[in-house]
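In this note's numbering, the protein residues as written are 5 to 254.
Glycine residues also receive a C-beta, built at the ideal position from the N, C-alpha and C atoms.
Let me begin by presenting the structure, written as structure tokens, before commenting on it.
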């Protein structure tokens, strides 16, 4: 069983090493590239409760295509030159007709992404979403293996940007369609503070030494500390600043 194949720009090296032979062929069955991959799993069930026989094994690989190579039409898997499976491209590539992004609630923790894609061969489609904070210079994967045509992307750990882009990749198994959004503003929202000490529900006697400890996380700036952390009391107002603050109860 093959998971969908995705294509991405970049110069990362091949993932090689292992007993599984992977060959990429064009429509004339000419080899485009060959590589190897490591099968994950020891081949034996850990207990009799799993039944007799071997467990399922899987592999993940990335193969760099030679510049100017023909499109991949087949992927052939072999072990010791014995073919164990192949993936053959269908006649048509998927098509993407729209990509709609609603980032109005990004500061509150989510971003709604919807798209319309279809395939003339009726193949099942699987999608991946990438995000760029720098107008397309670099990309990060925010979701893969999406079978629906909508995704509510969590944004609490994403940095803000005035030139954000979303790139949609849709695969029918071997063919891929790609669609990149127009630039939009991604609001990272506010820092999220947290109090480690004192613990919730703790009580202290009068004149006791009270230790406060906390931090804050900002999607854009990361961990925040120092004088950016200000402690206040509903009774006494501002108490001081810093990740650790010691004061006496009164």
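| Check | Outcome |
| --- | --- |
| Give a yes or no on contact between the segment 203–212 and the segment 172–179, applying the rule of three or more CB pairs nearer than 8 Å. | no |
| Compute the beta-carbon to beta-carbon distance between residue 118 and residue 147, rounded to the nearest angstrom, for a pair I have assumed lies under 8 Å. | Not a contact, Cβ separation roughly 13 Å. |
| So, with DSSP's three-state summary, where would you put residue 232? | helix |
| Looking at C-alpha atoms only, which residue of 190, 94, 61, 130 is the closest neighbour of residue 109? | 190 |
| If the criterion is Cβ atoms closer than 9 Å, does the pair residue 28 and residue 88 meet it? | no |
| How is the beta strand (DSSP E) around residue 18 delimited, first residue to last? | From DSSP, residue 18 is part of no beta strand (DSSP E); its letter is neither H nor E. |
| At which residue ranges does the segment 102–141 contain complete beta strand (DSSP E) runs of 3 or more residues, listed in the order of the chain? | 114–122, 130–136 |
| Does the distance from the C-beta atom of residue 41 to that of residue 6 stay below 9 Å? | no |
| Pick helix, strand or coil for residue 199, following the three-state DSSP scheme. | strand |
| Based on the DSSP secondary-structure assignment, which residues constitute the bridge partners of residue 221? | 196, 227 |
| Starting from residue 213, follow its DSSP beta bridges and name the residues at the other end. | 252 |
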